[in-house]
Structure formats: structure tokens, C-alpha cells
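In mature numbering (1 follows the signal peptide of the UniProt record, and there is no 0), the protein residues as written are -22 to -1, 1 to 746.
Think of the CB as a built atom: it goes at the ideal place given N, C-alpha and C, for glycine as much as any other residue.
Inspection log for the structure reproduced underneath, given as C-alpha cells.
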Amino acid sequence: MELTSFLLGVFHLCVFLSFCHCQGNYENVALDKPCNMSSMLHAQPDCKGAVNGNTDGRYMANGDNCIRTNTAETSSWWEVNLGRPYPVCNITIWPRLSDPDRMVGVSVSIDSIFYFTFTATPPMPKFTIFCPNNPWPGTVIRLYKNDTHVAMKNRTINLCEVEVLSCNDAYWGLWCNKTCGNCGNGEVCDKVTGHCTSCLQGWELPMCSGCRDGYWGSQCKKCGNCSNSEVCDTATGHCTTCSAGWKPPLCAAPEEAPSGAEEAPSGASSGAVIGAVVGVLLVIVVVAIVVVFIWRRRRNNPKQEMNGTTVGQTTHDAVYQNVNGTLDGGSTSRARRTETNEAYANVTFDNDAAEPTVRGQPVSQPRTQSVSDPPIPQMEEGDVDVVEDNEVVVEGDQSYDIAVRGRVYYNDEVYMTSAGSSLKLDQVQEYLLGKLRSDDLDTEFKKLPLGLLKDHEAGLRKENRDKNRYNAILPYDETRVVLRGPYDKDSTDYINASFMRGHQSRKAYIATQGPRRNTTGDFWKTVWQNNVSNIVMLTNLKEDGKKKCEQYWPSQGKQYRYGLVDVLGLEERVRADYVRRTFQIRLGKEKVRNVTQYHYTTWPDHGIPKTTALVDFWRTVHTAHRAQTRASSLLVHCSAGIGRTGTFIALDIVKNQLRDQQHIDVFQVLKDMRNDRCYMIQTKSQYSILYEAVLESYTTKDCRLQLEAFDFAFNHPVDPHNKHERTEAEFRELKQMKVLMQKPSHVEAEKIENINKNRDTSTLPGIY
């Protein structure tokens, strides 16, 4: 009964260890810290007995593991000073095993603020309490008892250990999920604010996680020789122009030097010469060995047999490389593969200029073949799922030996998961593929309404004209964002921004142009008055030498006022395709708010982004926006606020439709968007990439894992001989995406002079 009473009393203030989220980046910050207590009973250990790491709850007269205050006190207490503010995630207490009822009436405070009171005898041997909302920042943890109406022996505080769980040296923040910056002099960052008192070279106070002016990139490298004392771009390191004699865009290499070359230090010239001579000698030796090896192999093995087809050797060296390193099992034929005489590199290239996977082409294209070429074994699409009990025997390099048995690929070095899965497409995939294969997209796009379809008088007014980046792109009067007072000097209620309807909300989005120098204050006022918590930026500040957007935010650790809104840069995290920045904003004496900007940095000028990168970025934004605690519009902008902005918003709307209704009508979505803002999605290529992004996001789902969640998802070692639910599901999605891909041509790979350079003719590099 006492235990039940205790649990009910605890429920409103704390939960127990089994529900605790304080895992991973935490440590006991009370261990061996300074402490104090109101009194000691006889020769009991002093206050340090409760923070020495000894959790043995057995009381011993001369032991050092438990503390006890004098029973005659009417107000007894014990406290530990952590030395600095920590976000306290939980507090674990080990009472004396023989007298746990002495904890009844004990209260806990953090920095003199009440935290918890024990109303009944706690469970043994230990118990853990923590705030169910957010961890509580504080420095001094005190346990106290003020009760003169209990038995004399129960007025004492008698316990054996107190553990306070908070961030370890590498992390900070309420949930200890933020990494400390690059503090200088071996310093540890503040656990509540993340601030450092000094930074390593190149990093900027107070967070030391972003570069100060003159430095750039994830390692805060020093900027090159930009002209006119210009500061390089903090993300890319690029300068607008270089000082004389330096090569753009980094301005770090001399103009006359070849691309990528760096000038060696003067004292290193002799070492460079010696290294060059040694390198040349090594190359000569290697070439001689290769020539002898090839000559002997050709003499002993004039012909090669591949899949039952005899292919004669060529008399000339072909310039050809097998650059696809993919491994694709599933062929039902027995293939005998031998080493080829020519040396070739099996390398995978990432071609930024390549077309997206589906671009209005048939899913399957016939291979083209020269009349003089030998017959090439063909594989039907369905063969990928039909794996018999055959074994593919590979001669030569045994590291490539792969046995295919019982529908599972076995390989001691690479996990290959099950081969069997259904590749049947559902109606949504068939609809999207049908559009991409046909000419429907071009026809649909031409049917969309063009121009300024509704009244737009506000944008034409004389006092507002210089607020428009492009004279032909104006918001409609009925959907424009109207700024409310107070106004600063020369301000009006106008900004080139429009409310956009979403799947279930009239003002789900705000589409706007990239701020100009004279509209940054209006931009932040829009953010403030519409309670915006997430900003999506889809353009770089400069592209192709032209300014596309004014930098409307301060760098990390700096604070600027834009119009009437104060903006403080809190954090900046650079990713492969985007930068995530967080800000704290305030208007006047209002309560501060946090705003996050997601800046997509790899949308090519006059081009389209990689589908995979765009979908991953959209998922990041979509997940964060859905998880926010306050309802607000998602603010999206590029340069004009119509092309890239329209593509992103349309993707979000269509995906929300699919989630709630399993229904899709991309054309109607875009028609509705153009009734809210003109020219949404400017080009046919943007319309096409929208379909591709919807197809990829629908098919692949979200497989991302936060680092701290990896051990939970893979809580057992992945066994290559047994199925694993998560990897099975992801592998099935990969196979399904293969069906959706445009089939390449293998003309070069299948030429007679190249065919026996391939280890496996089922895996050939293609031309899309």
C-alpha cells in the first residue's frame, strides 16, 4: 500500500528510470563534487560519502558510503555544488537499505527551486526522478527536510549516494543532444548555453561552431585572397572576385598554377625533386612487371570463354573502363568468368551533369548491338527475383566468390540480404511513371494558367515598386501578406509575399521572394507576425555572378536588428546539400522565439537538383515542421519566390495528399497554387522534377536514422545469413527503385574489343 501511495505521489512530478530518455551523452556530474550538510551524526562520514561513487546501501558504523544528519535538528539538509549550471536530466538516490522510510518528507530543490517531495517510502534499492517535460538547468542540488511533527529518528536525512545525470564534456543543451563547439585551450563548453570563453583558430565566439569572418567550411579554413577586402562565403569559401594573380573561385591558388595545385614551401623543393624521381622509378618498375605479366598471359591463354561465347583477343589497346561497381545477383544461368588480360578500373563515378533517373523515357530500352559484335546474353526483368539453387563459380580472384543458395546471397564481407521480393507497382507508381514516360507533362504544363491572374494593385504602387525584385512577379491583393504596425521609417504594409493554400490549411505556406537590402526588416516582420518557426531558402546569395538574395541573417553568435526585429544567430550546421541555421528573434519587449532556417545550397543555376538530395532535404524540413509545437505557416523563398519555391511547396502538398487520401492530382495542385501566386513552377523541367521527387519519396520512404537511434534500430549484430526486418524492407525498396530507373545502353561495354574486360556481363556500365 505504501508503494502504491508513493507511485501515485510521484506520478505528477517524475517518472522512473525505465521511461527515462537520459541515455548516450550523459554522465554523473555530481561525482566527487564539493558538498555540504547541516550536521553529522557522531562520527559518520562527511557529505562526500554521498558523492563518492559507492552505491552500497548497507549502513556501516565506520563506513564511508552513507551520510546521516543529526536527529535533533528540526531542519536538516545535504547539498552538492556541480560547479557550473548543468541541465539536470534525472537524479538517482540510493537510500539506506535498512531505513528507507527516513526518505519520507525529504524534498529536492535545484538552485533553491522546489523540484520534488517524497510522500511515501520509496522502492529499493534506488529510485530515479526526473522532470517529465524538459531537464532543469541548475548548479546546486539540495535535499532537505523541514518537519517537527514526525518521530525523532525520521527527522534525519540518511542516504548512501546521489547521482545527478547531465551532459558529458562533449555535449550541451537541455537533452544533451548538441555537440560542443571548438573551444580553445582544452575548455569545455557551457552545458546550458553551449558557449565557450575562447575558440580554436578560425572559429567564432560564443559557440565556436561556426567560422568567423575570413574563414569558411566545416573545418574553418582561412579564406583565400578575395579582392577589395571581401570576406569569402562561409559555406563554400568562394570569393566574388580575386585579388590580382589568384584563381577564382577560392582565390587560394596562383592564377598560373594548374587546377588543384598548391605552391610548396621554399624549403621543400629538394624533397619534391627526390620524391618525383623515386615516383618515376617506381612507375617504370610497375609498368615493366605489368607488360611481362600480360605477355605471359596472352601467350598461355590466347582466347577467353565467357558465358559460353568465345571472344577473340583484340590487337589494339582499347580505352575503356568498367566503371560500375554494382553487384547484382539473380541470374539463373551458370556463368564462368575469367580474368581479362587488360587492366581496368572498377570505379563508380558521381556525374553531377547526369540526367535524373526518369526523364520521360520508357522504363525498358532495347540494347543496341553492332552486326559484328558477338551475341550478348540477355536477362529478362523478371529474372531478378528468380534465384534457383545454382552456384555462380568464379575463377581467379576468390574474393569475388559468391554462392547463391536458397534465395539468400552469402558473402563473408558484404551483407547482401534476401533476393526475393515483389516488384509489382501500385497505382500511384504506375500513374507517376505513366506521366514521366509520355508527353503528358509537356501538354499539361502548357495548359497551366499564365501571368498575373488577379488584381495586384499593392505591388504596383509607387512606394512599393522598389520592394519587388522582379517587376513582373507581384503578389495578388487577395492573398498577399499584409504587414501590421508598428512600422519603422519608410515602411508600408507591403511585402512581395503570398499566403498559399495547403492540403488542409488556408495559410499553410508563405511564398516570398528573396529579401532585398531594403526589405530585410519586412521579411523578419513577416516571420514575427505570422509566428513562423521554419524558413526554407532554395537559392544561394549569388549564382552565376548575380545577386539572388540579400543575406538577411547574422552569423553565429552575432546579433543584428532588421527593421524592428532583433535577430541573434545561435547555431549553424553545414550538411552536404544544405545548411541548418537557428536564430532567436524578438520584437520590442515581446518574449523571444526560436526560428530555424533550412538553406538548400546545391540547386544548380539554370538547372534542376538531384532528386535524391531534394527529397532528403524535403524530408528534413517536413519532419521538423510537423513536430513543431506552435501552429504556423512554412515560409519558403528562392529568388523570385515562384520557381524553386513552387516546386518545393507542390511536393509538400502532394505528399500530404498521398498520406491522408492515397489520392494524387499534381496538375490540379499546381492550378490552385497559381491562383494564390503567379507563375508557381516556372519551367517544364521543374514540373518534371516534381513528378520524379514525388515518385522517389513515395517509393523509398524515410530510412534515415539519428545517430543516437542507430543502436536501437540495430540492437543485434546484422547476420548475413539471417533476415533482418529493417534491412530487408530497405533492400526491397532499392530493388523496386531499380525497376523504376531508365535502362541504360551498353553499346561501348558490349563491343568486341571491350567485352572480356568485364568480369560479369550482367553488370556493365551504361550510357543514359
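- Burial is judged here by how many other beta carbons sit within 10 angstroms of a residue's own beta carbon; Tyr193 has at least 16 and is buried.
- Distance from the CA atom of Thr95 to the CA atom of Asn6, rounded to whole angstroms, is 22 Å.
- When beta bridges are read from the DSSP output, Glu5 appears opposite Ser144.
- Within the region 607 to 669, the complete beta strand (DSSP E) segments at least 3 residues long are 612 to 615, listed from N- to C-terminus.
- Using a Cβ distance threshold of 8 Å, Tyr64 and Pro115 count as a contacting pair.
- Here DSSP, grouped into helix, strand and coil, assigns Lys26 to helix.
- Between the region 528 to 540 and the region 500 to 520, the count of C-beta pairs closer than 8 Å reaches three or more; the two stretches touch.
- Between Arg46 and Thr134, the C-beta gap is smaller than 8 Å, which places the two residues in contact.
- Shortest Cα-Cα distance from Leu592 to any of Val672, Lys536, Asn14 involves Val672.
- Rounded to the nearest angstrom, the gap between the Cα atoms of Leu438 and Gln507 is 24 Å.
- In the three-state DSSP reduction, His216 falls in the coil class, being neither helix nor strand.
- Residue environment analysis places Glu456 among the exposed positions, since fewer than 16 neighbouring C-beta atoms fall within 10 angstroms of its C-beta.
- Per DSSP, reduced to three states, the secondary structure at Lys104 is coil, with no helix or strand assignment.
- Under the 10 Å beta carbon count, Gln491 is surrounded by 16 or more other beta carbons and is classified as buried.
- Of all C-beta pairs linking the region 654 to 671 to the region 584 to 598, three or more are shorter than 8 Å, placing the two stretches in contact.
- In the three-state reduction of the DSSP assignment, Lys520 falls in the strand class.
- By the C-beta density criterion, Ile473 is buried, having at least 16 other C-beta atoms within 10 angstroms.
- Assignment of Thr574 by DSSP, reduced to helix, strand and coil, places it in the strand class.
- The alpha-carbon of Ile262 is positioned some 39 Å away from that of Gly215.
- Judged by their CB atoms, Val86 and Leu121 are nearer to each other than the 8 Å cut-off.
- For the pair Leu613 and Val573, the Cα-to-Cα distance works out to about 11 Å.
- Take Cys186, set aside five residues on each side of it, and the residues of its chain with a beta-carbon closer than 6 Å to its own are Gly159, Asn160, Cys161, Cys174, Cys177, in chain order.
- Where Asp191 is concerned, there is no enclosing beta strand (DSSP E), because DSSP gives it neither an H nor an E.
- Secondary-structure assignment with DSSP links Arg462 through no beta bridge to anything.
- Val514 has its alpha-carbon roughly 20 Å from the corresponding atom of Val647.
- DSSP, reduced to helix, strand and coil, places Arg46 within a strand of the structure shown.
- CA-to-CA, the gap between Ile119 and Gly27 works out to about 15 Å.
- Assignment of Gly437 by DSSP, reduced to helix, strand and coil, places it in the helix class.
- Per DSSP, the beta-bridge partners of Gln534 are Gly547.
- The Cβ-Cβ distance between Asn203 and Cys220 falls below 8 Å.
- The three-state secondary structure of Asn734, taken from DSSP, is helix.
- Bridge partners of Lys123 according to DSSP: Ser54.
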